[in-house]
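Visitor: Numbering (our numbering), first residue to last: 116 to 251.
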Amino acid sequence: MKIKVLLIDDDQVSLLITKKYLVGQGIHDLVDDLTLFTKAEEALNLLIEAKNTQEQAIFWILLDVNMPGMNGWDFLDEMGRNELNHLVKIVMLTSSISEVDRDKAKSYSSVFGYFTKPMSQEKCEKFNALVQEKDI
């Protein structure tokens, strides 16, 4: 089964920083694809298409909470409505330090972690370890 990583964040600088850390820590040795999205709706459409075509892949997602249009919570809710949770493992990567947001993230079965921005080498290593240890 393929492993794909989706980075979803409206902040392009944050996306590039996160990508740089992941690539620097060897993410391409662990996964088959790394895709960046500035709009959660576009990532959701990709996942719906993967479900409809029965693509044999698991998607690890680094997801921002605070985005215009569809925010991270909306994205998670849409994942459930579209019965996509079995395809994904999500780690929140957000500027929100709110305990309310941390607790809310824990209420979603597809969320496996909560990191505050910015991405760092330590957080990247934790993410890579999650990708290696969690099987579907």
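For every residue, glycine included, the Cβ atom is placed at its ideal position computed from N, Cα and C.
Tell me which residues share the same chain as Leu145 and place their Cβ nearer than 8 Å to its Cβ, disregarding the 5 neighbours each side in the sequence.
Guide: Counting from 1 along the sequence shown, the entry for residue 145 is found at position 30. Closer than 8 Å at the Cβ level, and outside the excluded window around Leu145, lie Ile118, Asn243, Val246 and Gln247.
Visitor: What residue range does the alpha helix (DSSP H) around Ile205 cover?
Guide: Counting from one through the sequence shown, the residue named residue 205 turns up at place 90. Segment Val203 to Thr209 is the beta strand (DSSP E) holding Ile205; no alpha helix (DSSP H) there.
Visitor: Per the contact definition of three or more C-beta pairs closer than 8 Å, is the region 165-177 in contact with the region 196-214?
Guide: Touching, yes.
Visitor: Going by CA-CA distance only, name the one from Met116, Glu157, Ser129 and Thr168 that's closest to Met234.
Guide: Within the sequence shown, numbered from 1, the residue matching residue 234 stands at position 119. The residue with the shortest Cα to Cα distance from Met234 is Ser129.
Visitor: Tell me whether Lys154 counts as near the ligand MN, meaning its Cβ is closer than 7 Å to at least one heavy atom of that ligand.
Guide: With respect to small molecules bound, the structure shown includes none, and the ligand MN cannot be examined in it.
Visitor: Which residues mark the beginning and the end of the beta strand (DSSP E) in which Lys232 is found?
Guide: Here residue 232 refers to the residue found at position 117 of the sequence shown. Where Lys232 is concerned, there is no enclosing beta strand (DSSP E), given that its DSSP letter is neither H nor E.
Visitor: If you draw a straight line from the alpha carbon of Leu178 to that of Ala158, how long is it in whole angstroms?
Guide: Position 63 of the sequence shown holds residue 178. Position 43 of the sequence shown holds residue 158. Approximately 10 Å between the Cα atoms of the pair.
Visitor: For the region 161-169 and the region 193-203, state whether three or more C-beta atom pairs, one from each stretch, are separated by less than 8 Å.
Guide: Counting Cβ pairs under 8 Å, three or more are found: they touch.
Visitor: Below 6 Å CB to CB, which residues in the same chain sit around Tyr223 once its five sequence neighbours on both sides are set aside?
Guide: Taking the sequence shown and counting its residues from 1, one reaches residue 223 at position 108. Within the same chain, Tyr223 has close Cβ partners Leu191.
Visitor: For Ile173, list the residues DSSP reports as bridge partners.
Guide: As a first step, residue 173 is located in the sequence shown; it is residue number 58 there, counting from the start. Ile173 pairs with Ile118.
Visitor: Could you tell me which residues DSSP pairs with Thr150 in its beta bridges?
Guide: Taking the sequence shown and counting its residues from 1, one reaches residue 150 at position 35. Partner(s): Leu121.
Visitor: Rounded to whole angstroms, what is the Cα-Cα separation between Gly139 and Ser225?
Guide: Counted from its first residue, the sequence shown places residue 139 at position 24. Counted from its first residue, the sequence shown places residue 225 at position 110. Approximately 26 Å, taken between the alpha carbons.
Visitor: Quick check: the Cα distance between Ile251 and Glu170, rounded to an integer number of angstroms?
Guide: Here residue 251 corresponds to residue number 136 of the sequence shown, with the count starting at 1. Here residue 170 corresponds to residue number 55 of the sequence shown, with the count starting at 1. Low per-residue confidence applies at Ile251: pLDDT is 46, beneath 50, and the placement is therefore not dependable enough to give any value.
Visitor: What number of angstroms, rounded off, separates the C-alpha of Lys219 from the C-alpha of Thr231?
Guide: The count along the sequence shown starts at 1 and reaches residue 219 at position 104. The count along the sequence shown starts at 1 and reaches residue 231 at position 116. Rounded to the nearest angstrom, the two C-alpha atoms are 15 Å apart.
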